[in-house]
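Chains as they are written, first to last, in the numbering used here: chain A, 1 to 281; chain B, 282 to 594.
Note that the Cβ used here is the ideal one computed from N, Cα and C, for glycine as well.
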Amino acid sequence: MIVVRPNNVTKNIKRPQFKLFGMIVLLGLIIILTLVAPLIAPYDPTEVQLTERLKPMSSENLLGTDHMGRDILSRILVGAQTTVGTSILVIVLALSIGLPVGLISGYIGGALDRFFMRIVDALLAFPDFIIAIVLSGLLGPGMFNLVLALVVVKWVSYARLVRSTVISENQKEYIAVAKINGLSSIKILSKHMIPHVVGNLVVYASLDLGKVILVIASLSYIGLGAQPPTPEWGAMLNEGRNFFHNAPQLMYIPGIAIMLVVLILNLLGDLLRDRLDVKNK
Amino acid sequence: MKQLFKRIIELIIFLFFLSFVSFALMKLAPGDPTRYMLDVIDVQTTEEQIEELREELGFNDSIYVQYWNWLLRFVQLDLGESYMTKKPVFDELWSRFPSTLAITFASLVVMTLVAVPIGTISAIYKDRWIDHIGRVLSLIGAAVPSFWLGLLFIEFFSIKLDWLPSMGKGTFSHMMLPSITLGLAMSAVYIRLLRSSLLETLGQDFIRSARARGLSNSRIFIFHAFRYSLIPVITIFGVSLGSLLGGTVVIEVLFAYPGIGKFVVDAIGKRDYPIIQGYILFMGGFVIIINLLVDLSYRYLNPEIRLKEADRQ
Numbered sequence: 001m002i003v004v005r006p007n008n009v010t011k012n013i014k015r016p017q018f019k020l021f022g023m024i025v026l027l028g029l030i031i032i033l034t035l036v037a038p039l040i041a042p043y044d045p046t047e048v049q050l051t052e053r054l055k056p057m058s059s060e061n062l063l064g065t066d067h068m069g070r071d072i073l074s075r076i077l078v079g080a081q082t083t084v085g086t087s088i089l090v091i092v093l094a095l096s097i098g099l100p101v102g103l104i105s106g107y108i109g110g111a112l113d114r115f116f117m118r119i120v121d122a123l124l125a126f127p128d129f130i131i132a133i134v135l136s137g138l139l140g141p142g143m144f145n146l147v148l149a150l151v152v153v154k155w156v157s158y159a160r161l162v163r164s165t166v167i168s169e170n171q172k173e174y175i176a177v178a179k180i181n182g183l184s185s186i187k188i189l190s191k192h193m194i195p196h197v198v199g200n201l202v203v204y205a206s207l208d209l210g211k212v213i214l215v216i217a218s219l220s221y222i223g224l225g226a227q228p229p230t231p232e233w234g235a236m237l238n239e240g241r242n243f244f245h246n247a248p249q250l251m252y253i254p255g256i257a258i259m260l261v262v263l264i265l266n267l268l269g270d271l272l273r274d275r276l277d278v279k280n281k
Numbered sequence: 282m283k284q285l286f287k288r289i290i291e292l293i294i295f296l297f298f299l300s301f302v303s304f305a306l307m308k309l310a311p312g313d314p315t316r317y318m319l320d321v322i323d324v325q326t327t328e329e330q331i332e333e334l335r336e337e338l339g340f341n342d343s344i345y346v347q348y349w350n351w352l353l354r355f356v357q358l359d360l361g362e363s364y365m366t367k368k369p370v371f372d373e374l375w376s377r378f379p380s381t382l383a384i385t386f387a388s389l390v391v392m393t394l395v396a397v398p399i400g401t402i403s404a405i406y407k408d409r410w411i412d413h414i415g416r417v418l419s420l421i422g423a424a425v426p427s428f429w430l431g432l433l434f435i436e437f438f439s440i441k442l443d444w445l446p447s448m449g450k451g452t453f454s455h456m457m458l459p460s461i462t463l464g465l466a467m468s469a470v471y472i473r474l475l476r477s478s479l480l481e482t483l484g485q486d487f488i489r490s491a492r493a494r495g496l497s498n499s500r501i502f503i504f505h506a507f508r509y510s511l512i513p514v515i516t517i518f519g520v521s522l523g524s525l526l527g528g529t530v531v532i533e534v535l536f537a538y539p540g541i542g543k544f545v546v547d548a549i550g551k552r553d554y555p556i557i558q559g560y561i562l563f564m565g566g567f568v569i570i571i572n573l574l575v576d577l578s579y580r581y582l583n584p585e586i587r588l589k590e591a592d593r594q
């Protein structure tokens, strides 16, 4: 469809780019903070000091201490490695299964494609949150099993996304030309298909990352993810629950941390979608 | 009708697949279930007792025989017995299901009451300040973890103000906080969805022709645009019912609400495998039935589908 742009066309184009830049900087900041968390954390996040219990915010403990006297700022920083780091790991693993399966399934087609898509449809028909709960329940609570459960659930949507992009590109003339010119399948996939797929994947992954963070925090909250004393934002809320009244920072800070990171990721995903002109399904 | 028949066949195949996966999961689960069964009753066990129980439960048969026997029982809704309570799994789940269903339904009501007005107003007053407020609210709503929202509500409405109970079930007021929490958490997505869907619908030909026929704006909105806009909303609803049911698990644990989700989390803690397995089958069956209903509701909402089918016959 041809969209007639109004007169303030430059304004419309420039603003999202500025916002996009801002969001990328924020996300970069979060990733850097996550990576160097153990270095900049003022205290050991698991060091118990019962004499320092439930201290309010102060210059010594910027965000106060929890019911075991552990420094909350340090726990939030290192907890980002568990919450955000694990979520990124889930997405990367899901991508590294979904991308090849989607490429092969879409490009080769035939019986192989039907076989893969049967699996994908069966998994997609089922609520992923419930599969994640049941899987991590059967395998036993813990971060490793939670990652495993989430990858099992998540790879299918990436495979499906890649497959549909590959199939629509495969019908275009330039691919036919490439084939006639004797370009090998691997070259076609890597030179022509993957660049087309990447835009969709980036948008989808950034929105999905926010969802995964919420799921990991929720499952850790109900005790299926990170186990104490590992700092994790959802688990921190669970551990601190009986002390909210005396130390409200235990309630506010992990929740705000989760909310901010997910908000940034969602905004980034939306802006990327506009920028890369990916159709919203 | 033919379409419906095909769907039901698909459904049976899917249930069969589900039963296979769930059986396989059970077999893959680490540890020896007989040991857990005996552990739960907290008595010192000998190797002979374990062996006896294994024989009794048929764990010494070949895997195919086990699956066949299990499938025969599954068809009769016999999912085994809970290790914890020694009662049939199906009865245990079924007796808690109404509580979960009640909370799911109440959340849907809250969600509709929040999402429909805000989504509609945002679409009517597109790009005005009220639309921007709706957008900010839904952005924040999508980023807030539901259990944290619940914790905040408990802190303010139960502890500080002492208006509503924070845990348990029984009265209407027990349902308030859980369903408001879940309903609000879910509504963020639907506000944006309904808004964009309404905006798209309002630009379509049949709306223009309705205007040309001189129908009033409100009539067009209610009888034409709104109905048509519900189609994508219902699609997403069907898809996200799973996350709603998943959401009830967290909310039930948070508010100590004795539904099916809280029960399964307790079962996970106790390694009560028959319950965990029964849960996935139970929920699977339920989600399939809901998806079927969603499919049927399209027909009602979108005359095009009905007309196309009539054409084909």
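Item: Own chain, CB closer than 7 angstroms to residue 243(A), minus 5 neighbours either side, in chain order; Value: 54, 67 and 250
Item: Distance, residue 425(B) Cα to residue 331(B) Cα; Value: 48 angstroms
Item: Helix, strand or coil at residue 426(B) according to DSSP, with G and I counted as helix; Value: coil
Item: Within chain B, partners of residue 218(A) - CB distance below 8 angstroms; Value: 426, 427, 428 and 531
Item: Limits of the unbroken alpha helix (DSSP H) element including residue 147(A); Value: 143-170
Item: Local conformation of residue 65(A) per DSSP, three classes; Value: strand
Item: Inter-residue spacing [alpha-carbon to alpha-carbon] between residue 228(A) and residue 71(A); Value: 15 angstroms
Item: Rounded straight-line distance, which links the Cα of residue 184(A) to that of residue 472(B); Value: 47 angstroms
Item: Beta-carbon gap between residue 427(B) and residue 482(B) smaller than 8 angstroms; Value: no
Item: Contacts around residue 348(B), its chain only, beta-carbon distance under 7 angstroms, and the 5 residues preceding and following it disregarded; Value: 304
Item: Inter-residue CB distance, residue 370(B) and residue 556(B) (contact presumed, cutoff 8 angstroms); Value: 6 angstroms
Item: Residue burial classification, residue 217(A) (beta-carbon count within 10 angstroms, cutoff 16); Value: buried
Item: Segment contact flag, the segment 526-543 of chain B with the segment 447-455 of chain B, C-beta cutoff 8 angstroms, min 3 pairs; Value: yes
Item: Contact the segment 560-570 of chain B vs the segment 123-135 of chain A: 3+ CB pairs below 8 angstroms; Value: yes
Item: 8 angstroms Cβ cutoff met for residue 224(A) and residue 136(A); Value: yes
Item: Coarse secondary structure for residue 71(A), derived from DSSP in three states; Value: strand
Item: Proximal chain B residues relative to residue 267(A), where beta-carbon distance stays under 8 angstroms; Value: 420
Item: Range of the contiguous alpha helix (DSSP H) that encloses residue 354(B); Value: 344-356
Item: Burial state of residue 543(B) (16 or more Cβ within 10 Å); Value: buried
Item: Helix, strand or coil at residue 232(A) according to DSSP, with G and I counted as helix; Value: coil
Item: For residue 369(B), the three-state DSSP class (helix, strand or coil); Value: strand
Item: CA nearest to the CA of residue 219(A), picked from 201(A), 143(A) and 74(A); Value: 143(A)
Item: 8 angstroms Cβ cutoff, residue 504(B) in contact with chain A; Value: no
Item: Cβ neighbours of residue 238(A) in the same chain (closer than 8 angstroms, five flanking residues each side left out); Value: 220, 221, 222 and 223
Item: Interface partners of residue 642(B) on chain A, CB under 7 angstroms; Value: Coverage of chain B is limited to positions 282 through 594, which leaves residue 642(B) absent and any answer about it impossible.
Item: Members of the segment 222-246 of chain A near chain B, C-beta cut-off 8 angstroms; Value: 222, 223, 224, 234, 237, 241, 244 and 245
Item: For residue 333(B), three-class secondary structure by DSSP; Value: helix
Item: Cross-chain neighbours of residue 345(B) in chain A, by beta carbon under 8 angstroms; Value: Neighbours of residue 345(B) on chain A: none; closest Cβ ~22 angstroms, over 8 angstroms.
Item: First and last residue of the uninterrupted alpha helix (DSSP H) at residue 200(A); Value: 194-221
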